[in-house]
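Beneath this line is the structure, given in structure tokens, with notes to follow.
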Amino acid sequence: MLIFLRLLKLNETLFALPFAYCGLLLAYKSAEEFSLVKIIWITLAMVGARTFGMLMNRVVDKHIDSMNPRTKDRDLPSGRVNVLSILLIGFLALVIFLYSAFMLNDMAFYLSPIVAAYMLIYSYTKRFTWLSSFFLGGVLAIAPSGAWIGVNGSLGVEPIILSLGVALWATSFDILYHIQDVDFYSVNKLHSFSSRFGIATSVKATKLLDLISVLILILLGAVADLSLVYYIGPIIVGCILFYKHRYISYHGVIVGSQKFFRLNPIVSFSVFFSILGSLIVT
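The opening position of the sequence shown corresponds to residue 217 in the working numbering, with each subsequent residue numbered one higher.
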């Protein structure tokens with residue numbers, strides 16, 4: 217069980233799931249009725265999709281991880297768990313995701329295979345494009361729009377705006393996180409933003425991405441007509457990201473990115489509780 221939880225990276229699930237609930241809250245802001253059943257199916261869909269994507273990424277990258285000094289001791293490349301068991305669990309997670317989408321509505325179900333395929337394609341992107349971090353951002357950005365679709369059976373402007381903000385923020389931290397592998401990627405002809413453009417340019421790019429993501433969160437408040445309480449969230453997120461880059465400038469990008477990667481749940485929970493607070497007071 218502990219090995220399985222390590223493979224899933226529970227910390228990353230904790231910062232991904234709140235964004236799904238953000239989309240859910242925004243959808244229910246204008247929905248005619250509240251449905252606990254839909255919330256359960258959306259949660260199962262999110263967990264199933266997340267589990268499938270993460271486990272398939274582990275399987276696809278097994279050979280690469282076994283060569284990387286940073287990842288060679290992980291459970292799968294080290295042999296503590298076999299590929300077949302991971303594939304079986306991943307298949308079960310995929311079934312849960314697809315069935316949950318089916319139970320929600322037609323649009324959610326029709327889009328679910330595309331989502332699954334996109335997550336699988338992402339796992340291969342480091343082999344052919346430096347845009348791999350942007351693909352990762354796209355994976356996480358599915359959550360709020362997917363939850364909105366799960367509630368309404370259609371897509372709206374608000375979840376698209378939130379998904380864009382999530383995509384840029386996630387792309388930023390993924391670029392920073394993979395700077396520690398820049399030499400390994402270069403030697404093994406793998407692709408990342410930092411191996412293509414260098415560390416200094418990558419750090420500058422992440423600052424821009426983070427700034428735009430905060431501005432998008434502010435825009436969301438205006439478009440969704442949220443109360444002033446909501447803006448506490450973007451302010452907290454902006455302060456965290458500003459401090460992150462200040463910390464990196466003093467302590468180095470590798471130390472800084474590892475430290476703040478673990479703090480990512482604070483960002484997603486800040487946005488979630490700010491939306492929730494806004495809806496409560498209005």
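Quick reminder that beta carbons are idealized off the backbone N, C-alpha and C, glycines included.
When the beta-carbon positions are compared, L260 and S328 stay at least 7 Å from each other. It is roughly 20 Å from the alpha-carbon of I464 to the alpha-carbon of R286. Here the C-alpha atom of Y466 lies approximately 44 Å from the C-alpha atom of F307.
Restricting attention to beta strand (DSSP E) runs no shorter than 3 residues, the stretch 329-408 encloses none.
Note that the C-beta distance between A359 and A440 is not below 7 Å. Taking the Cα positions, S370 is about 12 Å away from L320. Pairing H394 with S379 gives a Cβ-Cβ distance that is not under 7 Å.
A straight-line Cα-Cα distance of about 39 Å links A243 and R290. Buried is the label assigned to E374, since at least 16 other Cβ atoms lie within 10 Å of its Cβ. Taking a contact as a CB-CB distance under 8 Å, the pair F485 and K460 does not count as one, their CB atoms being some 16 Å apart.
Apart from the 5 residues on each side of it in sequence, G454 sits with its Cβ closer than 6 Å to the Cβ of V430 in its chain, given in chain order. In this structure, the CA atom of V445 is about 48 Å from the CA atom of S294. Boundaries of the alpha helix (DSSP H) harbouring F489: 480-497, taken from the DSSP string. Each residue's CA atom was taken as its position, placing L433 and S490 some 11 Å apart. Look at S443 here: in three-state DSSP terms it is coil, with no helix or strand label.
Annotated as proximal: A386 and L356, with beta-carbon spacing under 7 Å. By the neighbour-count criterion, in which 16 or more other beta carbons inside 10 Å mark a residue as buried, Y401 falls on the buried side.
Burial of I377 is indicated by the presence of at least 16 other C-beta atoms within 10 angstroms of its C-beta. Going by DSSP, G306 is part of the alpha helix (DSSP H) stretching over 299-320. Here DSSP, grouped into helix, strand and coil, assigns A438 to helix. Taken atom to atom, the span from the alpha-carbon of K342 to that of F389 is near 16 Å. Residue nearest to H279 within the set L406, L435, G354, K423 is L406 (criterion: CA-CA distance). Contact annotation: Y338 and F350 have beta-carbon atoms that are not nearer than 7 Å. Rounded to whole angstroms, the gap between the alpha carbons of F313 and A324 is 10 Å. Cβ contact annotation for G354 (same chain, cutoff 8 Å, sequence separation greater than five): Y334, Y338, A383, in chain order.
Per DSSP, the unbroken alpha helix (DSSP H) holding S294 starts and ends at 291-294.
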